[in-house]
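Residue numbers (numbering that gives the first Met the number 0): 0 to 157. For every residue, glycine included, the Cβ atom is placed at its ideal position computed from N, Cα and C. Note sheet for the following structure.
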Amino acid sequence: MKFEHIVEINHPDIPPQQQLTLTQLWHGLVLRATAPKLFIPHLDACQITPIDEHNMQRTLQFGKLMVRDQVTLTPHQCVSYNVPAQGEIPESSLNMHIESPHETIMIVRFIYDDYQAETADPTQKMANDFRRSAYLEADLDTVRVIREQALSGQFQQH
């Protein structure tokens, strides 16, 4: 299943005092990778192993379930999460691209892929619809947390 959507960060309809700079947004997306407990409610622990300045491996603990992933940072452009197949967890990815289609508009494009073909099975379709809805809500919440952190002065203003 592949799922893609956007969340508006800046738009003429968003009050100026609620808008973010590219630097603030970038700091927030990096924070989601380096301090995931702020963004993932049921996460018990996260161990991060840096690979280099743009890559890290993480082990996320949800109760007894451990999930490994690798995060790649392309500064001020994209954060990519890649989960290799492990146990009963299939391979999957999430890419968060920062885009500015107009000087007054900034968005984040979220692209999820579990590399599984779409199915005609009604039960699986319902499960995929639920996952899409959960992804959208999680991403809206991510942007809400980033906006709160930035507007409270947590990120350096540029």
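When the five nearest sequence neighbours on each side are left out, the beta carbons in the same chain lying within less than 7 Å of the beta carbon of VAL144 are those of LEU37 and PHE38, in order along the chain. Nearest C-alpha to ASP51 among CYS45, VAL70 and MET125: VAL70. In the three-state DSSP reduction, THR20 falls in the coil class, being neither helix nor strand. Annotation for PRO49: MET55 place their beta carbon closer than 7 Å to its own, counting only its chain and skipping 5 residues before and after. Assigned with DSSP and collapsed to three states, SER91 falls in strand.
LEU24 places its beta carbon 8 Å or farther from that of ILE5. Here THR118 is exposed, its C-beta having fewer than 16 other C-beta atoms within 10 Å.
Looking at the DSSP output, TYR134 sits in no beta bridge, so it has no partner there.
The stretch 136 to 152 and the stretch 14 to 23 touch, with no fewer than 3 CB-CB distances between them shorter than 8 Å. Boundaries of the beta strand (DSSP E) harbouring GLU7: 1 to 9, taken from the DSSP string.
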